[in-house]
Amino acid sequence: MKSLFKLTSFLFVAALLLTACGGATPTPATPPTPQTIIQTQVQTQVVEVPRQQVTVRLSGWASSPSETALLESLLYKFSVENPDILVKYEPITGDYRQAMLTAIAAGTEPDVFYVDIAYFQEFAKNGVLLSLDDLMASTGTTKDMFIPSLMNAFTYDGKVYGIPKDFNTLGLFYNKGLFDAAGLAYPTDAWTWTDLQNAATALTNLSDANKPVYGFCDPADAGRFPVFVLQNGGTIMNADFSDTTLDSEQAIGAAQFYTDFRKNKIGAIPADVGEGWQGTVFGKGQCAMVYEGGWLIPYLTSSFPGVQYGVSRLPAGPGGKGNMIFTVSWSISKNTKVADAAWKVVEFLTNEASQTTVLESGFALPTRVSLQTSDYLKNNANSAAIFNGAYDNAVPFFWGPAGSDVNDQMGKALERIYLENQPVADSMAQAAAEIRKAIAQLK
Amino acid sequence: MATASQLLPENTFRNRFLLAWERIKTPVFYFLLFFWAILCLAPLYFTLVFSLKPVANAYTPPIWFPIPFTLDNFRTVLQSFDLFPRWILNSMIISLSVTLLRVLFCSMAGYAFARIEFRGKKFLFNALLISMMMPGIVTLIPKFLVIGPGFIKGGLHIGSLVLPTGFNLIDKLGGVVLPSFVDAFGVFMMTQYYKSFPKELEEAAIIDGTNRWGIFFRIVLPISQTQLLTLGLLTFQGEWNNFMLPLLILRSPQNFTLPIGLQWFRGEYYTLYSTVLAGSLFNTLPILILFFLFQRYIIQSIATTGSKEG
Amino acid sequence: MSKFNRNKALENLTGYLFISPWLFIFFTFILFSLGYALYLSFTRYNLLSPAQWWGLEGYKRVLTDSLFLDKALPNTFKYVLIVVPLQTVISLVLAFAMDQKLRLRRLFRTVFYLPSVTSSVVISLIFVWLFAAQGIFNQLLGLTVNWLNNVKTAFYIIMGMNIFTTSGTLMLIFLSGLQDIPESVYEAARIDGADSLQIFWYITIPMLRPIIFFVVTVGMIGCFQVFDQIYVMTSGGPLDSTTTITYLIYKWAFRDTTVKMGQASALAVILTLIILVVTLIQRRLIEGSGVSNQ
Numbered sequence: 016m017k018s019l020f021k022l023t024s025f026l027f028v029a030a031l032l033l034t035a036c037g038g039a040t041p042t043p044a045t046p047p048t049p050q051t052i053i054q055t056q057v058q059t060q061v062v063e064v065p066r067q068q069v070t071v072r073l074s075g076w077a078s079s080p081s082e083t084a085l086l087e088s089l090l091y092k093f094s095v096e097n098p099d100i101l102v103k104y105e106p107i108t109g110d111y112r113q114a115m116l117t118a119i120a121a122g123t124e125p126d127v128f129y130v131d132i133a134y135f136q137e138f139a140k141n142g143v144l145l146s147l148d149d150l151m152a153s154t155g156t157t158k159d160m161f162i163p164s165l166m167n168a169f170t171y172d173g174k175v176y177g178i179p180k181d182f183n184t185l186g187l188f189y190n191k192g193l194f195d196a197a198g199l200a201y202p203t204d205a206w207t208w209t210d211l212q213n214a215a216t217a218l219t220n221l222s223d224a225n226k227p228v229y230g231f232c233d234p235a236d237a238g239r240f241p242v243f244v245l246q247n248g249g250t251i252m253n254a255d256f257s258d259t260t261l262d263s264e265q266a267i268g269a270a271q272f273y274t275d276f277r278k279n280k281i282g283a284i285p286a287d288v289g290e291g292w293q294g295t296v297f298g299k300g301q302c303a304m305v306y307e308g309g310w311l312i313p314y315l316t317s318s319f320p321g322v323q324y325g326v327s328r329l330p331a332g333p334g335g336k337g338n339m340i341f342t343v344s345w346s347i348s349k350n351t352k353v354a355d356a357a358w359k360v361v362e363f364l365t366n367e368a369s370q371t372t373v374l375e376s377g378f379a380l381p382t383r384v385s386l387q388t389s390d391y392l393k394n395n396a397n398s399a400a401i402f403n404g405a406y407d408n409a410v411p412f413f414w415g416p417a418g419s420d421v422n423d424q425m426g427k428a429l430e431r432i433y434l435e436n437q438p439v440a441d442s443m444a445q446a447a448a449e450i451r452k453a454i455a456q457l458k
Numbered sequence: 012m013a014t015a016s017q018l019l020p021e022n023t024f025r026n027r028f029l030l031a032w033e034r035i036k037t038p039v040f041y042f043l044l045f046f047w048a049i050l051c052l053a054p055l056y057f058t059l060v061f062s063l064k065p066v067a068n069a070y071t072p073p074i075w076f077p078i079p080f081t082l083d084n085f086r087t088v089l090q091s092f093d094l095f096p097r098w099i100l101n102s103m104i105i106s107l108s109v110t111l112l113r114v115l116f117c118s119m120a121g122y123a124f125a126r127i128e129f130r131g132k133k134f135l136f137n138a139l140l141i142s143m144m145m146p147g148i149v150t151l152i153p154k155f156l157v158i159g160p161g162f163i164k165g166g167l168h169i170g171s172l173v174l175p176t177g178f179n180l181i182d183k184l185g186g187v188v189l190p191s192f193v194d195a196f197g198v199f200m201m202t203q204y205y206k207s208f209p210k211e212l213e214e215a216a217i218i219d220g221t222n223r224w225g226i227f228f229r230i231v232l233p234i235s236q237t238q239l240l241t242l243g244l245l246t247f248q249g250e251w252n253n254f255m256l257p258l259l260i261l262r263s264p265q266n267f268t269l270p271i272g273l274q275w276f277r278g279e280y281y282t283l284y285s286t287v288l289a290g291s292l293f294n295t296l297p298i299l300i301l302f303f304l305f306q307r308y309i310i311q312s313i314a315t316t317g318s319k320e321g
Numbered sequence: 002m003s004k005f006n007r008n009k010a011l012e013n014l015t016g017y018l019f020i021s022p023w024l025f026i027f028f029t030f031i032l033f034s035l036g037y038a039l040y041l042s043f044t045r046y047n048l049l050s051p052a053q054w055w056g057l058e059g060y061k062r063v064l065t066d067s068l069f070l071d072k073a074l075p076n077t078f079k080y081v082l083i084v085v086p087l088q089t090v091i092s093l094v095l096a097f098a099m100d101q102k103l104r105l106r107r108l109f110r111t112v113f114y115l116p117s118v119t120s121s122v123v124i125s126l127i128f129v130w131l132f133a134a135q136g137i138f139n140q141l142l143g144l145t146v147n148w149l150n151n152v153k154t155a156f157y158i159i160m161g162m163n164i165f166t167t168s169g170t171l172m173l174i175f176l177s178g179l180q181d182i183p184e185s186v187y188e189a190a191r192i193d194g195a196d197s198l199q200i201f202w203y204i205t206i207p208m209l210r211p212i213i214f215f216v217v218t219v220g221m222i223g224c225f226q227v228f229d230q231i232y233v234m235t236s237g238g239p240l241d242s243t244t245t246i247t248y249l250i251y252k253w254a255f256r257d258t259t260v261k262m263g264q265a266s267a268l269a270v271i272l273t274l275i276i277l278v279v280t281l282i283q284r285r286l287i288e289g290s291g292v293s294n295q
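Residue numbers (our numbering), protein chains in the order written: chain A, 16 to 458; chain B, 12 to 321; chain C, 2 to 295.
Structure, rendered in structure tokens:
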């Protein structure tokens, strides 16, 4: 039928036109409008935009809309103060590492981007990042302005390759309602392992047939377990990450203490109560105490606003205090063509004013030493507990070039103890052996 | 001469089974269909319940009904990003272009593989099958290179010429359409459909002297409406939900497709499922609407073409 | 040129013109990607520094890797051998049921298509809730098994999810094929005295053979490459019981702290060869005997 042929060719041409016209139009040089979920604030300011504008491409993983709004408000402030620099924000909403690795391999990576502590060393070692020492000197930024453990985490081979933008540690979140019901005193910063165990036992006694309550949550999570090893006087890896110490006495002792909560039925893993994350279990009141990071605070505010809770610093073990640092840096690509402008952006985003804004939003903790004594932390004991965790023998969440294998093996060791009742010593020995195999393969 | 007993069907087990089957066939089919239908509706139902409850009540009972009821989650999804309508538009443009182009080109290639004898056909068809067997994860980077900067940095230098080795379509919708406008699965599917078509129709036209183009566009294409619609629907759905490669290609938020934009609601450490599920409904709805519309055309085409006289 | 040669040349040209769009994509994207992946399989490449030639070391490492030999390879084969027949049969039965002159057909068709269209996040969540220790499934059967956290059962839940999700799409494909079978063929068979079982077995199935071959081949290729559900739900666990070959490729390419892209590419090449061999065997079984339809 002729008409069908005509229709087909029309559709074909239409499709081609659609594609051609659907391309991206160049971004106009106007500052982005900041928004919050509750109301849209449109701020406009008349600014002289010089004819020559430098474009800085900035990228990171996309957090929730409220956190994005915070970042965009900071970028807006920056663009007002620096009209000659246009910042293109290119958030990555999916697998960040996959997108970054692809971009780096293809040579199309952005100028400024997040680098998580987990793979910071890989990037620095392979010459992906620009060393920032000279740029820092040009604006009078010194290393001691930032918390030492964080600055060291992003220093490689004596040079600084990233400015820590925020950080988190683990805190002991406790359910005030359940503590009151059990007649227990709230946890203090002076708590020890014994206090933790006793409290868990007493709190588990609160459960009845319909609503089980567990004192503590001990998931098979490599992002939680290591603090117990540290608190038992041990380490996960040796100093230069060439070998693991997971089969040491201290590590085995820590694993025994940790898994005993579930074994003695005074603790549970999220799967036992049908959940995927202990944060939800805590919010539902099925677990009285969890070790979680500061991100649990905004989660509880939005999803479980009725829960009365507090946060204390982690209890000490036989070997003293121990904690882990989760942190991310702003870094600049080695291949950037706009190093000075990029540095201006990084410096602005991590200066005291910006970090105070971030702190007061409640989403993240600042990395500047000067803010340790800020009013916000004085008035928010929960956030202060997380912040001060950085001073409790806190090690960065990084285990060297075989780091992902270390995390995998730790998780599997705990899973084997839980799911297959493997003896703790054997499980840790098996994990250590596998890690050594993985390290050997890196040669 | 046949006796009466020879005319009746034998009273074997087989025939008794078949008689029984004819009688209970309909209720059995209905039961099967209803059972499977409930299984299929469950996810959508739970999505609705979850999206219609406030975030703070997501985990409080009852879980079967949305009490308390709220439309806040949908409001959040629509208002958090003023680019939301733009994302829907981008997804529409990409999915429609790819669907139209793919249906046309895959049916053409399918017909050629099924009916036209050309040299190297077997070899090329095998190459087509093999091309589907390589997992997509390792082809992400080379595809990205070809769509964008090119596999030789700075271009291929021949004498004083610099030839680009990539299409330079990063951050453009065309960059998502280009690698998808024809697809091995689609060609394979159309080839198999056309292989099972009755040849008699075309043979009459060939004797009449019509050339291949005429046969294809005037005879074969109209008859294969059902298959074209099926391919179109599957293509639209696949392209709408295509995530991995567009995530790498599209950089500026205003060029995002809807699935990429919806992922923005997933947090770094935790996810507010009420919002995410509400957002996913926006993603599912266009495809469902299209499906419901096209369904009628499929039924219509059967009614008009009727039984194909073999 | 004789008329015969001219016609042949014209046929050749027409054939190539008809497949030219596909040929374009094939040469610019597919051939290059396959060649690139093949090249990388002989290198040591961490994506951050240039690739170094490694020869067969990558293949050696893959073929001696315990995660590949003990988990990924057997898991993947188990997956294919269970899911492909099940999803083919279920979607064929559904399509056959939809082909009957039953009422509410249009409604059923839309409902059956829902799982294919619902986001995999949603379906994963639903399955997690359904099969949780206090989930509905356990409540209905009076059990307390934690299906997804159990090394022996987690994989089967993933399989069930996949079958559930693809059934709608495959049903559509079968339905299009079923509706192409002319009514006259059925009538002729009934006049000859065939009953419904004979019609189904000796007429419907053979006429559907090319479609069945398509569904089985595509189903197999998809199952050998199963990745999405595992990525979303279990990340290969618990204890690697849901680790498949493609998930291992992803782990080595993008998840490991030290990227092993060369090894991942080698595994991808090995997987391609496995799929190729299995497809050839399967083709012989299904399409080999039905030469008349070629």
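Every residue gets a Cβ at the ideal spot worked out from N, C-alpha and C, and that includes glycine. Bear in mind that the values here come from a model prediction, so they are computed numbers and not experimental data.
**Report entry** In DSSP terms, what R45 (chain C) is bridged to
**Finding:** C:Q53
Requested in this report: Would you mind sorting F302 (chain B) into buried or exposed? The rule is 16 or more other CB atoms within 10 Å of its CB.
Outcome: buried
Query raised in the report: When the distance is taken between beta carbons, is T268 (chain B) closer than 9 angstroms to T87 (chain B)?
Result: no
Requested in this report: Within its chain, find whatever has a CB closer than 7 angstroms to the CB of G16 (chain C); leave out the 5 residues flanking it on each side and keep chain order.
Outcome: none
Query - Residue from C:I213, C:R45 and C:P75 with nearest C-alpha to L171 (chain C) - result: C:I213
Query raised in the report: Under the rule that 16 or more other beta-carbon atoms within 10 Å means buried, what is F42 (chain B), buried or exposed?
Result: exposed
Query raised in the report: Is V285 (chain C) buried or exposed, if buried means 16 or more other CB atoms sit within 10 Å of its CB?
Result: Note that residue 285 (chain C) is Arg in the sequence shown, not Val. Result: exposed.
Query raised in the report: Does the beta carbon of T451 (chain A) come closer than 9 angstroms to any beta carbon on chain B?
Result: Thr is not the amino acid found at residue 451 (chain A); the sequence shown has Arg there. Answer no: the Cβ-Cβ gap between R451 (chain A) and chain B never drops below 9 angstroms.
Query - 9 angstroms Cβ cutoff, F255 (chain C) in contact with chain A - result: yes
Requested in this report: Give the straight-line distance between the Cα atoms of V157 (chain B) and Y111 (chain A), rounded to the nearest whole angstrom.
Outcome: 21 angstroms
**Report entry** Top-ranked residue by Cα proximity to L258 (chain B), from A:A114, A:R451 and A:V360
**Finding:** A:A114
Requested in this report: Kindly list, in the order they appear in chain F, the residues whose Cβ is closer than 7 angstroms to that of G136 (chain C).
Outcome: Although the question refers to chain F, the structure presented lacks it and instead comprises the protein chains A, B and C.
Report task. Could you check what DSSP says for G308 (chain A) in three-state terms: helix, strand or coil? Result -> strand
Query raised in the report: Within 10 angstroms of its Cβ, does W275 (chain B) collect 16 or more other Cβ (buried), or is it exposed?
Result: buried
Query raised in the report: By Cβ distance, which residues of its chain are closer than 7 angstroms to V373 (chain A), with the 5 residues on each side in sequence left out?
Result: L85, D181, A379 and P381
Query raised in the report: Hey, Q271 (chain A) and V288 (chain A): beta-carbon distance below 9 angstroms or not?
Result: no
Query - Extent of the continuous alpha helix (DSSP H) run through S92 (chain C) - result: L74 to D100
Requested in this report: Using 10 angstroms around the beta-carbon of A118 (chain A), count the other beta-carbons present and answer buried if the total reaches 16, otherwise exposed.
Outcome: buried
Requested in this report: Would you please verify whether the beta carbon of W23 (chain C) is less than 9 angstroms from any beta carbon of chain A?
Outcome: no
**Report entry** Option nearest L176 (chain C) by Cα separation, candidates C:I158, C:I206, C:F28 and C:E188
**Finding:** C:I206
Query raised in the report: Counting along the chain, where does the beta strand (DSSP E) carrying F255 (chain C) start and finish?
Result: Taken as a continuous stretch (DSSP letters only), F255 (chain C) belongs to no beta strand (DSSP E), as it is neither H nor E.
Query raised in the report: How long is the line joining the alpha carbons of G321 (chain A) and L273 (chain B), rounded to whole angstroms?
Result: 28 angstroms
Requested in this report: Identify which residue in A:A417, A:K359 and A:G325 has its Cα closest to the Cα of D195 (chain A).
Outcome: A:G325
Query raised in the report: Taking the C-alpha atoms as reference points, what is the distance between V360 (chain A) and V130 (chain A)?
Result: 16 angstroms
Query raised in the report: Is it true that the CB of S369 (chain A) sits closer than 9 angstroms to the CB of L89 (chain A)?
Result: yes
Report task. Tell me whether the beta-carbon of A195 (chain B) lies closer than 9 angstroms to the beta-carbon of I31 (chain C). Result -> yes
Requested in this report: Pull out every residue of the segment 45 to 68 of chain C whose Cβ sits closer than 8 angstroms to any Cβ of chain A, in chain order.
Outcome: N47, L48, L49, S50 and R62
Requested in this report: Can you have a look at N225 (chain A) and say buried or exposed, based on whether 16 or more other CB atoms are within 10 angstroms of its CB?
Outcome: exposed
Query raised in the report: Since W292 (chain A) meets chain B, which of its residues come closer than 8 angstroms, beta carbon to beta carbon?
Result: Y281
Query raised in the report: Looking only at its own chain, which residues have a Cβ that is under 7 angstroms from the Cβ of G56 (chain C), when we skip the five neighbours before and after it?
Result: F43
Query raised in the report: Which chain C residues sit within Cβ distance under 8 angstroms of E430 (chain A)?
Result: G238, P239 and L240
Query raised in the report: Given that Q274 (chain B) touches chain A, what residues does it touch there, using C-beta distances under 8 angstroms?
Result: A77, T108 and G109
Query - Same chain, Cβ closer than 6 angstroms to L209 (chain C), neighbours up to 5 away in sequence not counted - result: G178
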